[in-house]
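Protein chains in written order, with the working numbering: chain A, 1 to 156; chain B, 157 to 312; chain C, 313 to 468; chain D, 469 to 624; chain E, 625 to 780; chain F, 781 to 936. What follows is a single structure, written as structure tokens, with notes after it.
Protein chains: 6
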Amino acid sequence: MEKLSHFDETGRARMVDVSEKAQTRREATAAAFVAMDQRVLAALPQNPKGNPLETARFAGIQAAKQTAMLIPMCHPLPLSFIDVAATITEGGIAIEATAATTAGTGVEMEALTAASIAALTVYDMCKALDKGIVIREVRLLRKTGGKSGDYTAADR
Amino acid sequence: MEKLSHFDETGRARMVDVSEKAQTRREATAAAFVAMDQRVLAALPQNPKGNPLETARFAGIQAAKQTAMLIPMCHPLPLSFIDVAATITEGGIAIEATAATTAGTGVEMEALTAASIAALTVYDMCKALDKGIVIREVRLLRKTGGKSGDYTAADR
Amino acid sequence: MEKLSHFDETGRARMVDVSEKAQTRREATAAAFVAMDQRVLAALPQNPKGNPLETARFAGIQAAKQTAMLIPMCHPLPLSFIDVAATITEGGIAIEATAATTAGTGVEMEALTAASIAALTVYDMCKALDKGIVIREVRLLRKTGGKSGDYTAADR
Amino acid sequence: MEKLSHFDETGRARMVDVSEKAQTRREATAAAFVAMDQRVLAALPQNPKGNPLETARFAGIQAAKQTAMLIPMCHPLPLSFIDVAATITEGGIAIEATAATTAGTGVEMEALTAASIAALTVYDMCKALDKGIVIREVRLLRKTGGKSGDYTAADR
Amino acid sequence: MEKLSHFDETGRARMVDVSEKAQTRREATAAAFVAMDQRVLAALPQNPKGNPLETARFAGIQAAKQTAMLIPMCHPLPLSFIDVAATITEGGIAIEATAATTAGTGVEMEALTAASIAALTVYDMCKALDKGIVIREVRLLRKTGGKSGDYTAADR
Amino acid sequence: MEKLSHFDETGRARMVDVSEKAQTRREATAAAFVAMDQRVLAALPQNPKGNPLETARFAGIQAAKQTAMLIPMCHPLPLSFIDVAATITEGGIAIEATAATTAGTGVEMEALTAASIAALTVYDMCKALDKGIVIREVRLLRKTGGKSGDYTAADR
Chain A
1 MEKLSHFDET GRARMVDVSE KAQTRREATA AAFVAMDQRV LAALPQNPKG NPLETARFAG
61 IQAAKQTAML IPMCHPLPLS FIDVAATITE GGIAIEATAA TTAGTGVEME ALTAASIAAL
121 TVYDMCKALD KGIVIREVRL LRKTGGKSGD YTAADR
Chain B
157 MEKLSHFDET GRARMVDVSE KAQTRREATA AAFVAMDQRV LAALPQNPKG NPLETARFAG
217 IQAAKQTAML IPMCHPLPLS FIDVAATITE GGIAIEATAA TTAGTGVEME ALTAASIAAL
277 TVYDMCKALD KGIVIREVRL LRKTGGKSGD YTAADR
Chain C
313 MEKLSHFDET GRARMVDVSE KAQTRREATA AAFVAMDQRV LAALPQNPKG NPLETARFAG
373 IQAAKQTAML IPMCHPLPLS FIDVAATITE GGIAIEATAA TTAGTGVEME ALTAASIAAL
433 TVYDMCKALD KGIVIREVRL LRKTGGKSGD YTAADR
Chain D
469 MEKLSHFDET GRARMVDVSE KAQTRREATA AAFVAMDQRV LAALPQNPKG NPLETARFAG
529 IQAAKQTAML IPMCHPLPLS FIDVAATITE GGIAIEATAA TTAGTGVEME ALTAASIAAL
589 TVYDMCKALD KGIVIREVRL LRKTGGKSGD YTAADR
Chain E
625 MEKLSHFDET GRARMVDVSE KAQTRREATA AAFVAMDQRV LAALPQNPKG NPLETARFAG
685 IQAAKQTAML IPMCHPLPLS FIDVAATITE GGIAIEATAA TTAGTGVEME ALTAASIAAL
745 TVYDMCKALD KGIVIREVRL LRKTGGKSGD YTAADR
Chain F
781 MEKLSHFDET GRARMVDVSE KAQTRREATA AAFVAMDQRV LAALPQNPKG NPLETARFAG
841 IQAAKQTAML IPMCHPLPLS FIDVAATITE GGIAIEATAA TTAGTGVEME ALTAASIAAL
901 TVYDMCKALD KGIVIREVRL LRKTGGKSGD YTAADR
């Protein structure tokens with residue numbers, strides 16, 4: 001079985017040393033889903049003066065840049081691209097976030113952090129109507145680049 | 157139907173003005189669940205040199221303090237207490253986060269942010285074994301204090 | 313003549329001690345103007361999928377919360393309200409930012425920082441078309457609350 | 469006419485993907501002017517114990533490092549040099565800020581952010597004497613490096 | 625023997641709940657000493673264009689505001705005053721930092737963080753001459769306010 | 781005698797321009813010692829539910845990432861590795877912190893900042909028992925890489 005590289009031989013959490021890893025382009029996409037009932041979805045304003053889902057998008061983009069400050073074992077690294085999409089779908093709002101870098105380590109956590117914070121921002125703006133809104137299925141959809149190879153999540 | 161206080165009359169997202177709200181004690185507890193299969197759970201080291209779930213706890217506590225930097229319409233406020241618990245349970249790791257303040261607005265977002273970042277930290281430390289780990293059911297469990305009254309989530 | 317309270321008797325910059333100041337509601341509004349020619353203004357997209365001036369608004373709101381991190385002699389304080397408006401007008405984009413607190417010191421710098429960063433965000437999004445865009449007239453429009461009394465800028 | 473690269477085909481603000489851009493040395497210099505009347509300028513202490521314009525310089529340098537946290541569509545990147553100068557001139561204080569990097573994108577926003585925050589810091593330290601101080605002409609003076617070529621602002 | 629309030633009954637580190645503590649004025653002063661030999665001290669520039677010890681002072685003031693972000697079990701709180709002094713003395717540079725708040729918990733950590741970062745800033749500016757510079761005796765000098773009473777360090 | 785590269789010809793503190801420096805692997809290790817008497821050391825909980833020294837380790841790792849935000853003349857740079865060890869020894873707790881990067885400048889300040897903040901975190905968790913705890917001997921142990929050559933501190 002593979003080793004958990006974030007722990008040393010004594011079980012102590014640690015940062016992985018990526019000094020020797022190749023500086024290649026790496027990209028990751030993550031998703032989150034904010035489940036809310038029809039009543040709340042219908043109350044979400046949508047108009048030319050500023051679609052409120054934009055707030056969630058910007059929050060997600062800014063959060064991706066903060067990832068290493070938030071996740072202890074993450075490496076601070078430059079990011080060459082971040083995008084977050086928030087779409088109203090059946091039963092809630094679907095978030096999808098992508099991050100890219102040219103660095104010695106991947107950006108899965110940057111994509112997941114962007115998706116999570118965008119989802120929390122949607123919750124924040126809707127909680128006056130329904131505190132029971134739930135964020136579901138925060139997960140990695142796919143990653144490319146790096147030695148560990150590409151990954152694509154199984155369908156759900 | 158109630159109004160979405162985070163949007164103005166034109167549908168533009170905005171921060172709620174809490175200048176006139178009473179400075180009372182407010183507390184909120186949120187949960188998140190990191191679903192992982194038995195193989196990964198069994199690989200998590202647990203020993204006297206440093207239980208790895210501690211990393212997630214600290215990450216959650218520190219993230220709660222960053223909430224207003226992460227969630228655009230949140231007010232920056234002092235916090236009188238933050239705690240995060242991470243427990244290995246059937247099918248994954250259960251996170252529970254509590255925040256408290258004496259201020260003019262609630263701390264639901266602080267509790268939810270702490271729970272989310274703690275869950276992402278668990279993901280980060282386990283992703284070498286399974287990139288398919290999913291964070292589920294990020295939600296508010298209960299809140300007390302403030303004019304909008306107490307809230308307790310329905311059982312699941 | 314009044315004293316410059318941000319300097320001690322030897323001329324050294326210092327933070328003013330506000331421990332004894334009354335905790336009252338204080339509000340400030342600041343403005344900035346991003347001057348750009350008609351060609352660039354016409355190129356700014358405006359549509360239901362997300363008015364780009366929203367980006368500037370959110371950047372300004374988030375920057376207000378960072379004021380004490382940015383301006384050395386500013387006190388970190390809770391904010392009860394922040395709002396930023398960005399409006400296309402003759403010759404450019406007018407920014408207006410308001411901040412409020414209940415604290416022992418004013419929020420002029422929070423309003424000015426929000427206006428400045430919102431203006432810089434507009435520059436960032438338009439600089440591909442015209443690097444010669446200029447930010448003009450970053451200034452305090454009015455403040456209320458606090459011992460030093462209310463202030464309203466003279467018309468221009 | 470050129471495209472506004474910060475907006476997608478639907479007019480949504482977005483970050484430009486710089487993954488494929490060459491990592492070359494890029495430098496930018498920006499200016500700001502803090503207009504104040506002679507009375508305030510004369511009151512500024514200048515002595516061996518600490519020239520107060522130093523406060524503005526340090527604030528500008530530190531702000532340049534925060535640029536990507538403040539301007540949503542900016543990429544987080546390493547900086548190889550930052551300098552800020554603050555000079556008392558006829559009618560006010562002239563700020564000039566320079567930033568440099570070896571990266572796939574330019575540092576105009578870093579230079580402009582440094583200049584803006586340095587100017588706001590001057591305002592903060594002088595506002596006890598005159599709240600009507602205005603920050604004028606925040607603008608890019610020149611940039612070098614990168615595919616879009618060099619730029620030098622026209623004289624004023 | 626007194627209890628270590630930062631640990632729960634199972635020995636787990638935790639934040640102390642200060643919700644019920646009185647909001648009173650609290651102040652703390654801390655010191656640090658940067659030991660360096662006469663050769664380095666003599667090389668430190670001191671002139672009207674900007675005493676370099678100012679850099680250390682500003683770094684310390686800004687660091688005090690970041691204390692809760694840096695020290696996990698510290699509460700984020702407003703600060704009503706911060707000051708840092710850096711003085712050339714026999715054998716090195718003496719740092720003294722003071723912080724004050726009106727809050728439910730003390731500011732010892734804010735004063736200690738300010739003193740530590742100011743000392744590190746001095747090291748940074750002198751390390752080109754002597755990497756063997758040592759920071760000694762980072763300690764609390766005194767605190768006032770709060771239920772635990774006043775404290776004054778014994779002479780050394 | 782060597783020049784103090786952090787000051788210009790007029791004695792003004794400045795950031796060193798590292799644009800032309802080679803991007804090579806650089807590593808630095810720093811130490812700090814938290815002196816405390818036997819009574820406090822004995823009270824430190826050590827158990828499987830979470831060794832409290834872990835709090836100090838995580839605080840140090842996270843602080844290393846904040847170095848450029850804290851130390852004015854430090855360059856923001858990616859880090860490929862950070863580790864902090866905290867060990868109970870005779871008379872106190874010994875901290876050792878290592879940072880590594882592949883960049884145009886060294887990481888001494890990152891290692892020293894990590895060691896200092898880890899030491900302050902230990903102080904914070906023990907100050908309820910003894911406010912007289914002192915942090916001693918914050919110093920660079922060794923560095924490798926870069927043009928200025930390797931460095932190893934003399935024994936003490």
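Even glycine gets a Cβ: it sits at the ideal position worked out from N, Cα and C. It should be emphasised that the depicted structure is a prediction, and the values quoted were computed from it without experimental measurement.
Separation of L857/F and T261/B (C-alpha to C-alpha, rounded to the nearest whole angstrom) is 37 Å. Annotated three-state conformation of D239/B is strand, per DSSP. DSSP, read as helix, strand or coil, puts E27/A in strand. Taken in chain order, the unbroken stretches of alpha helix (DSSP H) that lie wholly in the stretch 509-594 of chain D and span 4 residues or more are 521-533, 535-538 and 576-594.
By the Cβ neighbour-count rule, T722/E is buried, with 16 or more other Cβ atoms within 10 Å of its own. Beta bridge pairing from DSSP links L285/B with no other residue. Of the candidates C698/E, P696/E and Q690/E, Q690/E places its Cα closest to the Cα of P384/C. In terms of beta-carbon proximity, F163/B stays away from the interface with chain F, with every pair separated by 8 Å or more. R636/E sits in coil when the DSSP states are folded into three classes, being neither helix nor strand. The Cβ neighbour count for Q194/B, taken over all protein chains shown within 10 Å, is under 16; the residue is labelled exposed.
Against chain C, a Cβ distance below 8 Å from G260/B picks out S392 and T414. Taken atom to atom, the span from the alpha-carbon of E714/E to that of D779/E is near 18 Å. Cβ-Cβ distances below 6 Å link D83/A to T98 in the same chain, with the five nearest sequence neighbours on each side left out; the list follows chain order. At a Cβ-Cβ threshold of 8 Å, A380/C and H387/C count as neighbours. Shortest Cα-Cα distance from T258/B to any of L197/B, F214/B and R182/B involves R182/B.
Residue environment: G773/E is assigned as exposed (fewer than 16 neighbouring CB atoms within 10 Å of its CB, all protein chains considered).
For T523/D, the chain E residues whose Cβ falls inside 7 Å of its Cβ are F682, in order along the chain.
Cα atoms of A583/D and I447/C: separation of roughly 11 Å, rounded to the nearest angstrom. For M437/C, the nearest CB of chain D lies under 8 Å from its own CB, placing it at the interface with that chain. Residues of the stretch 285-297 of chain B with a C-beta atom less than 8 Å from some C-beta of chain A are L285, K287, G288, I289, V290, I291, R292, E293, V294, R295 and L296, listed in chain order. By the criterion of a C-beta distance shorter than 6 Å, T300/B is surrounded in its chain by E183 and D306, once the five residues flanking it on both sides are discounted. Apart from sequence neighbours up to five positions away, the residues of its chain that approach V122/A with a beta-carbon distance below 6 Å are V34, A56 and I93, ordered along the chain.
Per DSSP, K645/E lies in no beta strand (DSSP E) and is assigned neither H nor E. Interface annotation for the stretch 222-256 of chain B against chain F: empty, criterion Cβ-Cβ distance under 8 Å. In this structure, the alpha-carbon of E252/B lies about 48 Å from that of G614/D. From the beta-carbon of Q686/E, the residues of chain D found nearer than 9 Å are F526, A527 and Q530. In this structure, V352/C keeps its C-beta atom at 8 Å or more from the C-beta atom of I429/C.
Below the 7 Å Cβ cutoff, chain E contributes I685, F705, I706 and D707 as neighbours of M327/C, in chain order.
For V263/B, there are no neighbours in chain C by C-beta distance under 7 Å, as the nearest C-beta there is about 12 Å away. For V642/E, the closest Cβ of chain B is nearer than 8 Å. Contact check for L120/A against L297/B fails: the beta carbons are separated by 8 Å or more. For the pair A844/F and V918/F, the CB atoms are not nearer than the 8 Å cut-off. Short of 7 Å from the beta carbon of A621/D, and not among the five residues preceding or following it, lie these beta carbons of its own chain, in chain order: R607, L608, L609 and R610. With fewer than 16 neighbouring CB atoms inside 10 Å of its own CB, T336/C falls in the exposed class. Around the beta carbon of E176/B, a 10 Å sphere encloses fewer than 16 other beta carbons of the protein chains shown; the residue is thus reported as exposed.
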